[in-house]
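*Asks:*
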Amino acid sequence: MTANTAKADTTLLADGAGHGGVPVVMSDLSRTFGAVQALNQLTVEIAPGEFVALLGPSGCGKTTALRILAGFETADSGSVTVNGKDIAAVPAAKRDMGMVFQSYSLFPNMSALDNVAFGLRMRRIGGSERRRRAGELLDMVGLTEHARRYPHQLSGGQQQRVALARALAIEPQVLLLDEPLSALDAKVRLQLREQIRSVQQRLGITTLFVTHDQEEALSMADRVGVMKDGKLEQIALPDQLYAEPATAFVAEFVGTMNRLPGALEGTDRVRALDTVVPVHGERPPGGLREVDVLVRPEGLRIEAVPGGNGIVTDRSFLGSVSRITVRLSGDLSVKVDHPSVDSGGFAPGESVQISLPGAPVLVAERE
12 MTANTAKADT TLLADGAGHG GVPVVMSDLS RTFGAVQALN QLTVEIAPGE
62 FVALLGPSGC GKTTALRILA GFETADSGSV TVNGKDIAAV PAAKRDMGMV
112 FQSYSLFPNM SALDNVAFGL RMRRIGGSER RRRAGELLDM VGLTEHARRY
162 PHQLSGGQQQ RVALARALAI EPQVLLLDEP LSALDAKVRL QLREQIRSVQ
212 QRLGITTLFV THDQEEALSM ADRVGVMKDG KLEQIALPDQ LYAEPATAFV
262 AEFVGTMNRL PGALEGTDRV RALDTVVPVH GERPPGGLRE VDVLVRPEGL
312 RIEAVPGGNG IVTDRSFLGS VSRITVRLSG DLSVKVDHPS VDSGGFAPGE
362 SVQISLPGAP VLVAERE
């Protein structure tokens with residue numbers, strides 16, 4: 012961090028942008044568009060200064076939730092409170108929220124510095140103070156040398172950093188990020204998501220981030236909420252969401268998941284791969300006995316065994332682990348993660364034994 016950047020942090024905190032954040036509560040939000048129910052009694056609570064990501068496929072309702080919080084949409088029912096105050100009647104322009112869009116939305120006829128200072132000008136902040144604060148924010152996002160450049164002279168990643176600085180310039184209570192990285196290439200996305208997270212933590216600003224990219228959500232957020240059909244399936248710490256998914260949808264949406272044929276034995280155990288293991292999470296509706304067992308690649312055990320229950324068809328080196336694809340029968344294949352240092356014996360064509368180690372598993376209706 013440069014001396015100037017450190018000074019910018021101190022000044023912004025002193026001016027109130029880093030006031031520790033405010034609590035945000037979206038309670039029982041419902042919203043329909045014609046025959047489509049975009050939100051179905053959605054409740055999300057965000058602690059002061061917390062970074063929460065809403066993750067889900069297109070049409071799940073995550074963007075509608077963000078737009079209701081921003082004031083761009085109105086809920087059919089439910090409430091939104093910020094710092095304990097109901098903001099339903101507050102216009103979007105007066106909600107004291109900074110927003111960063113997918114499309115940058117910079118003014119093409121303004122320099123980077125003037126774009127950042129625009130919100131301050133609308134608030135009738137004096138010229139010298141506007142330039143000071145805009146300059147400090149450009150320094151914070153590493154664009155001091157580009158202050159006089161226009162948007163067409165900046166790369167996509169640089170434009171998005173200007174957009175972030177502009178959103179923060181007004182010292183908002185809440186920062187809203189609407190798929191801000193999806194238009195960028197992979198390398199720039201990685202750099203920018205690290206910078207967004209770093210700035211958010213330094214300022215302690217309450218943040219809601221909407222994305223369909225699980226890697227972005229899991230790497231940036233304090234907690235991640237997974238949505239489906241307007242409902243919140245689960246909200247949890249990233250590692251908990253991955254290791255302990257509450258539903259089959261969450262399990263398969265976050266990370267890689269194998270499906271194995273299984274049969275329920277009683278209400279809390281299932282047989283798969285000739286092993287009986289405990290069941291956790293929801294059960295399929297209708298009292299089905301024949302189910303699919305959901306297991307992550309690292310949740311399977313692999314051994315080189317002549318005449319085993321599978322044949323290796325592929326092995327991919329992923330660094331410390333290798334991902335081994337094994338055909339069990341017919342069209343059924345599974346992926347198994349195994350330490351690379353010990354995976355040399357699992358070459359394509361080798362016979363192996365795949366088994367479950369006995370840990371609890373999720374089950375789902377058989378596909």
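When you line the sequence shown up against the working numbering, it's residues 12 to 378, in that order. In this text, a Cβ means the ideal position worked out from N, Cα and C, and glycines have one as well.
Who does K96 pair with in a DSSP beta bridge?
*Replies:* Bridge partners of K96: V93.
*Asks:* Mind checking R307: buried by the 16 CB within 10 Å criterion, or exposed?
*Replies:* Result: buried.
*Asks:* Are P359 and D325 closer than 8 Å when you measure CB to CB?
*Replies:* Yes, the pair counts as a contact, with Cβ atoms nearer than the cut-off.
*Asks:* Tell me the DSSP bridge mates of P289?
*Replies:* For P289, which the question treats as bridged, DSSP gives the partners R280.
*Asks:* Determine, using beta-carbon pairs with one atom in the region 106-122 and one in the region 185-197, whether at least three such pairs fall under 8 Å.
*Replies:* Yes, the region 106-122 touches the region 185-197.
*Asks:* Using DSSP with H/G/I as helix, E/B as strand and the rest coil, what is V173?
*Replies:* V173: helix per DSSP, three-state reduction.
*Asks:* If we require 4 or more residues per run, which alpha helix (DSSP H) segments fall completely within the region 160-233?
*Replies:* Within the region 160-233, the complete alpha helix (DSSP H) runs of at least 4 residues are 167-180, 197-214 and 225-231.
*Asks:* By how many angstroms is the C-alpha of A128 removed from the C-alpha of A76?
*Replies:* Computed Cα separation, rounded: 28 Å.
*Asks:* Going by the CB atoms, is the gap between M268 and L243 shorter than 8 Å?
*Replies:* No, the pair does not count as a contact, with Cβ atoms beyond the cut-off.
*Asks:* Kindly identify the DSSP beta-bridge partner or partners of P350.
*Replies:* Beta-bridge pairing links P350 to V332.
*Asks:* Tell me the DSSP secondary structure of P272 in three-state form.
*Replies:* The answer is strand: DSSP assigns P272 an E or B state.
*Asks:* With H, G and I counted as helix, E and B as strand and the rest as coil, what does DSSP make of N320?
*Replies:* Coil, per DSSP.
*Asks:* Report yes if the CB atom of E56 is closer than 8 Å to the CB atom of V36, and no otherwise.
*Replies:* Yes, the Cβ-Cβ distance between E56 and V36 is below 8 Å.
*Asks:* Would you check if the region 197-208 and the region 166-186 touch, i.e. whether three or more CB-CB distances between them fall below 8 Å?
*Replies:* Yes: at least three Cβ pairs fall under 8 Å.
*Asks:* Give me the Cα-Cα distance between G225 and A232, rounded to the nearest whole angstrom.
*Replies:* Residue identity check: residue 225 is Gln in the sequence provided, not Gly. Taking the straight line joining both Cα atoms gives about 11 Å.
*Asks:* Please state whether the Cβ-Cβ distance between F260 and K239 is less than 8 Å.
*Replies:* Yes.
*Asks:* Taking only heavy atoms of the ligand ATP into account, decide whether any of them is closer than 7 Å to the Cβ of A232.
*Replies:* Within the structure as shown, the ligand ATP is missing, as the structure has no ligands at all.
*Asks:* Please state whether the Cβ-Cβ distance between G273 and V265 is less than 8 Å.
*Replies:* Against a cut-off of 8 Å, the Cβ pair of V265 and G273 comes out as no contact.
*Asks:* Whose C-alpha, out of I136, H349, V337 and Q245, is nearest the C-alpha of I322?
*Replies:* The residue with the shortest Cα to Cα distance from I322 is V337.
*Asks:* So what does DSSP say about L305, is it helix, strand or coil?
*Replies:* Reduced to three states, the DSSP call for L305 is strand.
*Asks:* Kindly list the residues whose CB is nearer than 7 Å to the CB of E314, restricted to its own chain and excluding five residues on each side of it in sequence; keep chain order.
*Replies:* Excluding sequence neighbours, E314 sits near V363 and Q364.
*Asks:* So, for V287: in the same chain, excluding its five sequence neighbours on each side, which residues have a beta-carbon less than 8 Å away from its beta-carbon?
*Replies:* Counting only Cβ-Cβ distances below 8 Å, and skipping sequence neighbours, we find E276, R280 and V281.
*Asks:* Would you tell me roughly how many angstroms separate the C-alpha atoms of L203 and G215, rounded to the nearest one?
*Replies:* Each residue's alpha carbon lies about 18 Å from the other.
*Asks:* Can you tell me whether G95 is buried or exposed? The criterion is at least 16 other CB atoms within 10 Å of its CB, across all chains shown.
*Replies:* Exposed is the call here.
*Asks:* Can you grab the Cα-Cα spacing for the pair R106 / E140, in whole Å?
*Replies:* Going by the C-alpha atoms only, they are around 22 Å apart.
*Asks:* Going along the chain, which unbroken runs of the alpha helix (DSSP H) with 4 or more residues stay wholly within the region 247-271?
*Replies:* For the region 247-271, whole alpha helix (DSSP H) runs of length 4 or above, ordered along the chain, are 249-254 and 259-264.
*Asks:* Since Y115 contacts A174 with CB under 8 Å, what's their CB separation in whole angstroms?
*Replies:* Yes, Y115 and A174 are in contact; Cβ-Cβ is about 5 Å, under 8 Å.
*Asks:* Might you give, ordered along the chain, the residues of its own chain that have their beta carbon closer than 7 Å to the beta carbon of P295, omitting 5 neighbours on each side?
*Replies:* Answer for P295: V302, V374, A375 and E376, listed in chain order.
*Asks:* Check the Cβ-Cβ distances between G109 and every residue of chain B, and say whether any is below 8 Å.
*Replies:* Given the protein chain composition of this structure (a single chain), no chain B is represented.
*Asks:* A49: which of K346, G241 and G341 sits nearest, CA to CA?
*Replies:* A49 has its Cα closest to that of G241, out of K346, G241 and G341.
*Asks:* Short of 6 Å in beta carbon distance, which residues of its chain neighbour L284, apart from the five on each side in sequence? Order them along the chain.
*Replies:* Cβ neighbours of L284 beyond the five flanking positions: S366 and L367.
*Asks:* Kindly list the residues whose CB is nearer than 8 Å to the CB of E361, restricted to its own chain and excluding five residues on each side of it in sequence; keep chain order.
*Replies:* If we look at E361 and ignore the five residues flanking it on each side, its Cβ neighbours are A315, I322 and V323.
*Asks:* Indicate the three-state DSSP secondary structure (helix, strand or coil) for L53 in the structure shown.
*Replies:* Strand, per DSSP.
*Asks:* Quick one: is F62 buried, meaning 16 or more other Cβ sit within 10 Å of its Cβ, or exposed?
*Replies:* The residue in question, F62, is buried, as its Cβ has 16 or more Cβ neighbours within 10 Å.
*Asks:* Using the Cα positions of D342 and E84, report the straight-line distance between them to the nearest angstrom.
*Replies:* Those two C-alpha atoms are separated by around 47 Å.
*Asks:* Identify whether S139 lies in helix, strand or coil by the three-state DSSP scheme.
*Replies:* It is helical.
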